[in-house]
Amino acid sequence: MTATLASILPADRIRDRLIDRIAYANDASYFRLVPQAVVQPNSIGEIQALFQFSQQNKIPMTFRAAGTSLSGQAVTDGILVDISKHWGEYSVEENAGKIRFQPGIVGGFINNVLKPHGRRIGPDPASIDACMMGGILANNSSGMCCGTTENSYKTIHSMTFVLPNGFVLDTSHPNAHKIFENEQPHIAKGLLELKKRVTSNLQLATRISKRYQIKNNNGYLLNAFLDFDHPLDILIHLLIGSEGTLGFIAEGVLHTLPDFNYKYTGQMYFKNIRDAAAAVYPVKQSGARAVEVMDRESLRAVENNAGVPAILKELPAGATALLVEYQAADSATMLQFKKEAGRVIKELNPMHDVQFTDDPIQQAALWKPRKGIIASVGAMRPRGTTSVNEDVAFPVQHLADAVMDLRHLFDDFGYSEGVIFGHAKDGNLHFLVNQAFDTPEQIHHFDKFIRAMVSIVSGKYDGSLKAEHGTGRNMAPFVETEWGAEAYAIMRDLKSLLDPDGMLNPGVLINDDPQAHVTHLKSLTLVAPEIDKCIECGFCESKCPSRSLTLTPRQRIVVQRELASMSKMPHSGTLAASDSLEADSVSTDYTYAGIDTCALDGLCGTACPVGIDTGKFIKKLREKRVTSNKLAERIVENFSFVEKTVGIGVSLGHATEKIIGVNGVKSISVVAEKITKTKLPKWNKSIPHTPKNLSDLRVLRGEKEFIYFPSCISRQLGEPTHHSPLSTVFLTIATRANINLHIPINAAGHCCGTPFSSKGYKSAYQAALHKTLTQMWDWSEHGKYPIVIDTTSCTHTLKTCGDDLTPEDKVIWNQLTILDGVEFLHDHVLPKLEINPVDEEVILHPNCSARKLNLDSKMHAIAKQCAKSAIVPFNLGCCAFAGDRGLTHPELTASATEKETAEILKRDYDGYYSSNITCEIGMKEATGKDYVSIVYLVERASRS
């Protein structure tokens, strides 16, 4: 098969190693299927060829974007077509009234692009910062405010699609309707015949119309047959929500909507769910955009989280919360909403006084419990269980009774920890239960639970078994139960019309197996406490710098779980017999794909709903590879000598580069690497110079106010080409601001320990910390003076190292005030400087550490004060230089910076700034632009 695929795609876009197939076997659902191959096409021509290959060889084919779907529609045991890598183009059109995009672009990114225009897309799923536009369209995703009026079905303008027979059409073409009729007469006629079957059956047409008055994503969107007359318009809207079973959406164009800048938020508490449900309709009628319900168990799951309202702990059993938000585009409209909110509150008489707010910080605190439910339940679940996130909808008038029935169902099946929450405005409820799938008894128990749930939702209340998550595999056996035989027959015939070979995502949405919802289930093998909480949602993936090169954080965990399973069941694990022969290769391949190419940047942890920083786990794997810390510890002990040696090496490298060129110097590293069979740093043209000895730069003007500790990296590489040394510039600015800044005479020889920690030398890392913190205690006169660090990654280490310290060192650490250079400039220096903004447009790279320390906004504020215009790229990511990893694994930085670089190089800027020397090297190497510290911009803008 691989040989044939190689005639369609180049080898580097075919992933058929076992490790890659395992990595793609799981999505955010509770299903698992190992694909035969993963392919990454980059053109419509390759998509057409893959369709033909699939049909000729009778091998199923499934499209996958972000893999954040919750119903199993993005896994397959056939060919998995990964469109997350090469389908990221977009354009803003008609004064931002429309947005054109390819399917492999993250939904939140599109909103970021539209935000400066005051526009947004309609769908607003909770996963919008991770899910991609292909999935948003294919699942007809909605969300907290979207309802039934702003989803993809209602806001789609046009699309370019590819049908399984290879037919391609851009429906925005002025003659698209005629082209479709003429070139696809069989399909056009078939769609009209299906429409006639719907419209000629009054009972069926009425039922279809009624079912879409609430959210409904179960089955194909049959309302297309009622809403449109031309077969092409019908097809466009059937492809929406079809979960990749009818064709491929290669491009979409959505109408955009106003972005509401005015928000008014409050939380109401009621003594029971019935009173809360009764309040939903009047609140909705008052103009609220969001009405979120949380039952007492949901609130209990988050009541101990930091930053949530204290009142949660005081609520009695059965109490229910409604989180309400009004949104408006202008202040006049918002004023009217505020009056309506006051009127509604008086009429509803909630348990406590309700305080609405328009303060963003207070609003964030109110939203925090709602957004933290999934994380909290996932974090508390028993190890080895999966959090099953279900999604149903009821007519709003039945909401209270439905919630009570679901709660009784949880009690009957032993899911006492289950929580119910959701978009009450639309009658759309989510519930979470934790379930293991390790034994036949556990699987049978879950099967009975799902069937009982179906009976309540569909049988008792005539609700939607899927409101917004998509049918997938877990509701496919029950589509006919909800819709009835006639409607289901139309869906089956539609599938046969568009995909007569049945090779496109089989088993999803249409499935003859009554047990499909409990087949091909995941078992979350226990690996380590740091990652066992992972629910495999994929929220981390868009943040990961190695996502296009090797593995993502989710995939690193998925493969680790398989390796753990293999260790318990040697030579097989959970793999098919045909794969077990290759099992040993997975561990070997993981060394590079999982361990060596992880940048340890920690951005995955900022996106993870259960707070997992996969890099910390990978760091522990590196620690296990270390056979001895002795050499690293000796380096710590003799760091001053090492610094001098490195400085000589850097100077020698620059001198040699002048003689034999950068490639000549790099080739020396490559030869040495081959001889030693050890990964060695490779020279590149972006490496700065070593500044002169810091002892020549000591400044002490009067009483000390701040201690300045130049990091070891700035002491060795702190003089960018054609610039003054970083430490000199720092001192120059401080002098202008009349701030006393003191560099200790013995600063050299000290390090925060990050270079040792990242390579797994834990004891050397701790020794470096001890040595530096002890000296900082003396420099700061026992914590009296704040210590300024000029390298943000070092600041991050020194601010977050508490768990790695001895009790004695932690006492010192807790009394030190450590400031990053960015916050020092923003909070202390700029207010004392006379700034004359340079007439330049500059672009920033707030590095990972700056973002984790929430310093990116301060960096942006500094740049906006010091330059005419300051821009942060939409595609801002991690440069993955990661200390020296960009020198040992330059391919990692090249891959990580690809999208950001492409955006930056679309035009020229006058200045390029960051706050970390190694990141500046990485970005300079990637873009060819002269990246330097933001300090240099401040210096230029503060000249008299």
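All letters in the sequence shown, in the order written, are residues 1 to 944 by my numbering.
Quick reminder that beta carbons are idealized off the backbone N, C-alpha and C, glycines included.
Bear in mind that the values here come from a model prediction, so they are computed numbers and not experimental data.
Here the alpha carbon of residue 415 sits roughly 15 Å from the alpha carbon of residue 451. Burial check for residue 151: the Cβ neighbour count within 10 Å reaches 16 or more, so the residue is buried.
Using a C-beta cut-off of 8 Å, the segment 311-328 makes contact with the segment 280-292, since at least three inter-stretch Cβ pairs fall below that distance. Inter-segment contact for the segment 241-249 and the segment 336-351 is absent: fewer than three beta-carbon pairs are separated by less than 8 Å. Non-local beta-carbon contacts of residue 449 in its own chain, meaning distances under 6 Å to residues more than five positions away in sequence, involve 413 in chain order. Counting only the Cα atoms, residue 201 lies some 50 Å from residue 533.
When 124, 105 and 96 are compared, the shortest CA-CA separation from residue 115 is found for 96. Taking C-alpha positions only, residue 917 is separated from residue 880 by approximately 13 Å. The beta strand (DSSP E) runs of length 3 or more contained entirely in the segment 69-153 are, from start to end of the chain, 79-82, 90-93 and 98-101. For residue 237, the uninterrupted alpha helix (DSSP H) segment begins and ends at 231-239. Out of 938, 296 and 252, the CA that lies nearest to the CA of residue 271 is found in 296. Distance from the CA atom of residue 398 to the CA atom of residue 280, rounded to whole angstroms, is 11 Å. Considering only 434, 904, 336 and 419, the residue with the shortest C-alpha distance to residue 373 is 419. Every alpha helix (DSSP H) stretch that sits fully inside the segment 676-738 and reaches 4 residues is listed by chain position as 712-717 and 726-736.
Per DSSP, the unbroken alpha helix (DSSP H) holding residue 488 starts and ends at 485-498. In this structure, the straight-line span from the alpha carbon of residue 859 to that of residue 842 is close to 12 Å.
Your pair residue 31 and residue 522 checks out as a contact, with CB atoms roughly 7 Å apart and the cut at 8 Å.
The DSSP-derived three-state label of residue 592 is helix. Residue state for residue 250 is assigned as strand, using DSSP reduced to three classes. Beta-bridge analysis with DSSP links residue 57 to no other residue.
Bridge partners of residue 933 according to DSSP: 914. Residue 827 has its alpha-carbon roughly 51 Å from the corresponding atom of residue 675. In the structure shown, residue 750 falls within a coil segment according to DSSP collapsed to helix, strand and coil. Contact between the segment 608-622 and the segment 366-382 is present: three or more C-beta pairs spanning the two stretches fall below 8 Å. Within the same chain, Cβ atoms closer than 6 Å to the Cβ of residue 495 are found at 510, the five residues on either side in sequence being excluded. Taking residue 876 as reference, the option from 542, 240, 747 and 133 with the minimal CA-CA separation is 542.
DSSP assignment within the segment 142-214 yields the following whole alpha helix (DSSP H) runs of 4 residues or more, N-terminal first: 152-155, 176-183, 185-199 and 202-211.
For residue 389, the enclosing beta strand (DSSP E) begins and ends at 386-393.
One alpha carbon belongs to residue 874, the other to residue 855, and they sit about 17 Å apart. By the Cβ neighbour-count rule, residue 294 is buried, with 16 or more other Cβ atoms within 10 Å of its own.
When C-alpha distances from residue 221 are compared across 479, 657, 737 and 723, the shortest belongs to 479.
Secondary-structure assignment with DSSP links residue 326 through a beta bridge to 264.
For residue 870, the enclosing beta strand (DSSP E) begins and ends at 867-871.
Under the three-state reduction of DSSP output, residue 341 falls in the helix class. With 16 or more other Cβ atoms inside 10 Å of its own Cβ, residue 69 counts as buried.
Within the model, the alpha-carbon separation for residue 174 versus residue 158 is close to 11 Å.
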